[in-house]
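Read through the structure below, which is laid out as structure tokens, and then see the notes.
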Amino acid sequence: MSSAGDDDDLPVAGTAVILRDAPGGRDAPGGPGAAGGIEVLLLRRPDRGSFAGAWVFPGGMVEDGDRVDGAEESEDAGRAAVRETGEEVGLALERLVLLSCWVPPAGIPKRVRTWFFLAADTGEQVHASPDEVVETRWFRPQAALAARDEGRLTLLPPTWRTLHGLRTLTSVEQALTRPADPDLFCTRFRRTAAGAVFFWDGDELAGAPEGGRERLVVEDPVWRFEQS
């Protein structure tokens with residue numbers, strides 16, 4: 001897959017979803033992750049610029065140095081994810097596993113097609129760049145979702161949806177053996193009286209059969225995901 005979605009001329013970015021086995025998981029009876037599950041690295045952006053104040057995965061725009069003649073777009077995005085992770089949190093990622101591609105809704109001010117990759121924690125100390133990162137923290141996916149509902153952190157819909165998909169994993173090894181084909185999320189949204197609904201191709205609002213659900217209902221205090 002060289003590109004994704006209907007907007008082939010969009011700028012492109014790469015994001016690294018860095019995982020580690022939660023404490024107690026690797027050495028627990030029954031094998032890695034049997035008790036602890038996984039944790040994911042999130043960083044909080046400054047209260048300015050893109051994603052102001054939000055907790056996100058490390059990553060950024062594809063630059064000229066990330067591009068290789070003849071390479072697929074996802075490969076360039078992977079190099080950007082590795083480079084940006086090193087710049088933002090000081091981790092030298094090795095193996096990347098393609099997870100998803102996100103195409104943002106039409107009509108928003110800045111649209112970037114973003115490729116998400118899974119990667120294992122390198123075991124290095126996290127060193128946050130003071131210009132780009134306010135703080136970092138390892139979260140169990142479900143704990144991060146709960147913290148958002150409690151008003152303790154800000155998440156964007158792609159981050160929320162990714163964490164939701166990771167919440168049942170028991171180990172990093174399980175995560176990294178996922179099928180190679182990335183999930184494609186061409187996002188649409190509608191305003192509601194209490195917030196908004198973000199929806200994807202499996203939803204009836206996107207033309208799926210009546211009753212189809214593939215949507216994130218963004219209404220405080222608790223966001224909810226509906227799928228059928």
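According to the UniProt record's numbering, the sequence shown is numbered sequentially starting from 1. Even for Gly, the Cβ is constructed at its ideal location relative to N, Cα and C. Everything numeric in this text was worked out from a predicted model, so none of it was measured.
Item: Per-residue DSSP class, three states only, for THR159; Value: helix
Item: For VAL218: DSSP bridge partner residues; Value: ALA196
Item: Buried or exposed by the 16-neighbour rule on C-beta atoms within 10 Å, applied to VAL89; Value: buried
Item: Residue environment, residue 230, which counts as buried when at least 16 other CB atoms sit within 10 Å; Value: Nothing about residue 230 can be reported from this structure: the residues present for the chain run from 1 to 228 only.
Item: CA-to-CA distance, ARG111 to SER171, given in whole angstroms; Value: 33 Å
Item: Minimum C-alpha distance to ASP220 - residue among GLY195, VAL12 and GLN227; Value: GLY195
Item: Cα-Cα separation between MET61 and ALA13, rounded to whole angstroms; Value: 4 Å
Item: Cβ neighbour criterion (16 or more within 10 Å) applied to ALA52; Value: exposed
Item: CB contact flag (ALA128, LEU42, <8 Å); Value: no
Item: Alpha helix (DSSP H) runs contained entirely in the UniProt domain "Nudix hydrolase" (10-161), provided each spans 4 or more residues; Value: 73-89 and 141-149
Item: Counted within 10 angstroms of its Cβ, other Cβ atoms place SER100 as buried (16 or more) or exposed; Value: buried
Item: Meets three-Cβ-pair contact criterion under 8 Å: the stretch 144-163 and the stretch 64-84; Value: no
Item: Contact under 8 Å by Cβ, ARG190 with LEU205; Value: yes
Item: 8 Å Cβ cutoff met for THR187 and PRO104; Value: yes
Item: Contact with chain C by ASP8, beta-carbon distance below 8 Å; Value: Going by chain labels, chain C is absent from the structure shown, which holds only one protein chain.
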